[in-house]
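Below is one structure; the comments refer to it alone.
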Amino acid sequence: MNQELEKIIADFESATGYLLEIRDGRPYYRGDLDLENVTEITSLPKDLTVGGYLYLQGTSITSLPEGLTVGGSLSLENCTVITSLPEGLTVGGSIYLSGTSITSLPESLVVGLDIDLRSTGITSVPESLVVGGALDLRG
Numbered sequence: 002m003n004q005e006l007e008k009i010i011a012d013f014e015s016a017t018g019y020l021l022e023i024r025d026g027r028p029y030y031r032g033d034l035d036l037e038n039v040t041e042i043t044s045l046p047k048d049l050t051v052g053g054y055l056y057l058q059g060t061s062i063t064s065l066p067e068g069l070t071v072g073g074s075l076s077l078e079n080c081t082v083i084t085s086l087p088e089g090l091t092v093g094g095s096i097y098l099s100g101t102s103i104t105s106l107p108e109s110l111v112v113g114l115d116i117d118l119r120s121t122g123i124t125s126v127p128e129s130l131v132v133g134g135a136l137d138l139r140g
């Protein structure tokens, strides 16, 4: 494991209490990563994989890293500081974007279940968007 990645993991654990593993040279968290109201960090590690859910409501995180993969659902509800989603984002469950400042979706977005776009500035979705469940555009 390289020293830079070791430092990123140590800093993340110190700030959040969650210990990340290394799998295939990438940071990995096996279960649900609940960072709701954690304000000690402003970013997530590049190429992070979360095996379960990722909750980010009320955090100080300003953007999502490229290479982010979430096995469960991703909840960004009412996260007004995050204004975009990274290219290559893959979410096995649902994405909850209600009340965010996000105004567009990346071309390569893949969502296994539902996507909640209520109360966002999103006015269109990419033709290449892959959603395995419902697309909620109400309100």
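Be aware that the sequence shown starts at 2, since it is given in this note's numbering, and climbs by one per residue. In this text, a Cβ means the ideal position worked out from N, Cα and C, and glycines have one as well. Remember, it's a predicted structure, so these values are computed and weren't measured experimentally.
Pick from Val126, Leu69, Gly134 and Asp137 that is closest to glycine 53, judged by C-alpha positions: Ranking Val126, Leu69, Gly134 and Asp137 by CA distance to the CA of glycine 53 puts Leu69 first.
For valine 126, the residue or residues it bridges with in DSSP: Under DSSP, valine 126 shares a beta bridge with no residue.
Isoleucine 103, enclosing alpha helix (DSSP H) - first and last residue: That residue, isoleucine 103, is in no alpha helix (DSSP H); it is neither H nor E in DSSP.
With 16 other Cβ atoms within 10 Å as the buried cut-off, status of aspartate 12: So aspartate 12 ends up on the exposed side.
Cutoff 6 Å; reference serine 109; Cβ partners in own chain excluding five residues on either side: If we look at serine 109 and ignore the five residues flanking it on each side, its Cβ neighbours are Glu88 and Gly89.
Alpha-carbon spacing of methionine 129 relative to valine 39, whole angstroms: In the sequence on display, residue 129 carries serine and not methionine. Going from the Cα of serine 129 to the Cα of valine 39 covers about 33 Å.
Neighbourhood of valine 131 by C-beta distance below 8 Å, restricted to the same chain and skipping five residues each side: Closer than 8 Å at the Cβ level, and outside the excluded window around valine 131, lie Leu110, Val111 and Val112.
For proline 28: DSSP bridge partner residues: Partner(s): Ile23.
C-alpha distance - isoleucine 10 paired with tyrosine 19, whole-angstrom precision: Roughly 9 Å separates the two Cα atoms.
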